[in-house]
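First the structure, in the form of structure tokens, and then the observations on it.
Residue numbers (the working numbering): 8 to 360.
Spelled out as structure tokens, the structure:
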């Protein structure tokens, strides 16, 4: 399972001096010496997925870890995009390398693509006790992997038993699923103690972006109305959601085979109308003007607003992955992208504690 391999990655990066933190655009972030490595676990290695992953990395390097085999073309394409790929063979090699380095008390730099080791020139190395011992890295890369498997690892897993995860890839414009069902249950338990199961659903949102450029004149004054932004309008409950959804892609990878894609209830026309009203209300201003007539000061108030014609807006349907952690009577909904507990039910079918 993905969870097991993720734990292995945490172990080998931690033992090599890296600090592990969570991320909204990757499964893990490994930090060391002010450098970041964004680690993504995936069997989807097409060019679109690699490009999307590379695009979302702004301040570090990227590493895609897969339990399947990657072609030379895929590895080379990822390299051109600044992303390293560890497939099953490479992952086994890196784990063995990290384990042996840990046994020797050495520090190594992870997050690099190895090159095949045809044959080492030295069959023995000098250990700390000044005695000769077999060089575990001598021989071909495959021989090195086999010896790594036979050594006593600190990592709680045998290299040969790394499971091959067959994740399902669906065509859906959605934010990524970064939280597992087990993790969602753990997050929900403080809110609902009898939670035992979690179901994955994708909730449709109308995502909108806008730009306003308008001017109003009142007497001798020119008033500018300018602004831009984006937001999300829930197509199920008609609520404007305060969300940050990085990494929205046209394909989404899920571990579970049982999931539900909710159908939009609010149409595009209805959503567009509601969004225009919200933007106009946000940019409506009450302006005060003082005018002196003789010795009297007369104040005038003017409400100014942009019109629809002055608002450039784009709108599209995207999906928010949500884990519904279920108890006997009530449920807790978890944002499957960042692990936040949702305070309002995302659809009308759920009763939130």
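All C-beta atoms, glycine included, are put in the ideal place defined by N, C-alpha and C.
If you're wondering where the values come from, they're calculated on a predicted model, not measured in any experiment.
Report the CB separation of residue i from residue j in whole angstroms; it is logged as a contact under 8 Å.
i           : j           : result
residue 254 : residue 63  : 5 Å
residue 59  : residue 256 : 5 Å
residue 12  : residue 194 : Not quite, the Cβ-Cβ distance comes to about 21 Å (not below 8 Å), so this is no contact.
residue 105 : residue 332 : Not really, about 35 Å apart at Cβ, beyond 8 Å.
Does any CB atom of chain B fall closer than 8 Å to the CB of residue i?
i           : result
residue 295 : The chain inventory of the structure shown lacks chain B, comprising one protein chain alone.
Express the C-alpha separation of residue j and residue i in angstroms, rounding to a whole number.
i           : j           : result
residue 166 : residue 18  : Since pLDDT at residue 166 reaches only 41, below the 50 mark, its modelled position is unreliable, and the value read off the structure follows with that caveat. Straight-line Cα distance between these residues: approximately 13 Å.
residue 68  : residue 296 : 54 Å
residue 343 : residue 275 : 25 Å
residue 316 : residue 85  : 44 Å
residue 182 : residue 305 : 54 Å
residue 335 : residue 197 : 15 Å
residue 339 : residue 352 : 9 Å
residue 83  : residue 93  : 12 Å
residue 40  : residue 16  : 19 Å
residue 81  : residue 30  : 24 Å
residue 203 : residue 185 : 20 Å
residue 220 : residue 212 : 26 Å
residue 96  : residue 175 : 22 Å
residue 289 : residue 228 : 22 Å
residue 208 : residue 225 : 51 Å
residue 66  : residue 37  : 12 Å
residue 14  : residue 346 : 18 Å
Ends of the alpha helix (DSSP H) at residue i?
i          : result
residue 80 : 79-87
residue 59 : 54-62
For residue i, which residues from the same chain have a beta carbon less than 7 Å from its beta carbon, with the 5 sequence-adjacent residues on both sides left out?
i           : result
residue 61  : 69, 88, 89 and 90
residue 360 : In this predicted model, residue 360 has a pLDDT of only 42, less than 50, meaning its place in the structure is not dependable; the value taken from the coordinates is given anyway. Hits under 7 Å: 198, 199, 337 and 339.
residue 286 : 217 and 318
residue 272 : 242 and 243
Got a sec, what are the start and stop residues for the beta strand (DSSP E) residue i sits in?
i           : result
residue 226 : Note, residue 226: premise wrong, no beta strand (DSSP E); not H, not E.
residue 180 : 175-181
Enumerate in chain order the residues of its own chain whose CB-to-CB distance from residue i is below 6 Å, with the five nearest sequence positions on each side excluded.
i           : result
residue 223 : 230 and 311
residue 278 : 213 and 240
Spatial neighbours of residue i within its chain, please: C-beta separation below 8 Å, excluding the five flanking residues on both sides.
i           : result
residue 283 : 315, 318 and 320
residue 56  : 49, 256 and 258
residue 299 : 305
- Where in the stretch 261-342 do unbroken runs of the beta strand (DSSP E), each at least 3 residues long, occur, reported from the N-terminal end onward? 266-268, 292-300, 303-311, 318-333 and 338-342
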